[in-house]
Amino acid sequence: MKYLLIMQINNAILDALTEQEREVVMSGHQAFIKTIQESGEMVSTHALGDPGTSVTVSSRGGETVVTDGPFVEAKEYMGGYYLVDCESKERAVELARMIPDARVEGLAVEVRPVMFSSGSDM
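UniProt numbering numbers the first residue of the sequence shown as 1 and each following residue consecutively.
Here is the structure:
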């Protein structure tokens, strides 16, 4: 079963980290990637740009419109994800616990099952 391990980012928390703490997080991601590649559970991973650089496409009054944003009140946002293929939700949670963000207070990793996949790498 495929699971999306979604890294919830909070810029205030990241900005408060020391350079050494940031390096631990970055090297932890490299180690995690190596682990899930070696286990055969990694499908893909992607880091996303800051939400302030995105646009939103929606419908208003029957017209499709494009606006800057999203501009949400939440301090946390989806900063990136790992798509993994593993045997169970319990294993997906075990993998999420290995992601260094899960060990930084104020950051989180959401584990969500994938209900449908399509594409060349699926």
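Idealized CB from N, CA, C, for every residue including glycine. No experiment lies behind these values; they were computed from the predicted model shown.
Span of the alpha helix (DSSP H), counted from its first residue to its last, around Leu95 = Lys89 to Met98
Proximity of Ala92 and Val84 at Cβ, strictly below 8 angstroms = In this structure, Val84 lies closer than 8 angstroms to Ala92 by Cβ.
Beta-carbon contacts of Ile36 that lie in its chain and below 8 angstroms, excluding the five residues immediately before and after | Met42, Tyr82, Val84 and Leu95
Proximity winner among Lys89, Glu76, Pro51 and Glu21, relative to Lys2 (alpha-carbon distances) = Lys89
Note down the Cα distance separating Glu63 from Thr56, rounded to an integer number of angstroms.
-> If I take the Cα positions, the gap works out to 14 angstroms.
Neighbour-count burial assignment, Gly40, 16 or more Cβ in a 10 Å radius = exposed
Range covered by the beta strand (DSSP E) that runs through Arg112 = Looking at the DSSP string, the run of the beta strand (DSSP E) that includes Arg112 is Ala108 to Pro113.
What is the DSSP secondary structure of Val25, counted as helix, strand or coil?
-> Helix, per DSSP.
Three-state class that DSSP yields for Gly79 in the structure shown | Here Gly79 sits in strand by DSSP.
Residue from Gly79, Arg60, Gly28 and Gly61 with nearest C-alpha to Thr53 = Gly79
Just curious, the beta strand (DSSP E) that Asp50 is in, first and last residue?
-> Element bounds for Asp50: n/a, residue is neither H nor E.
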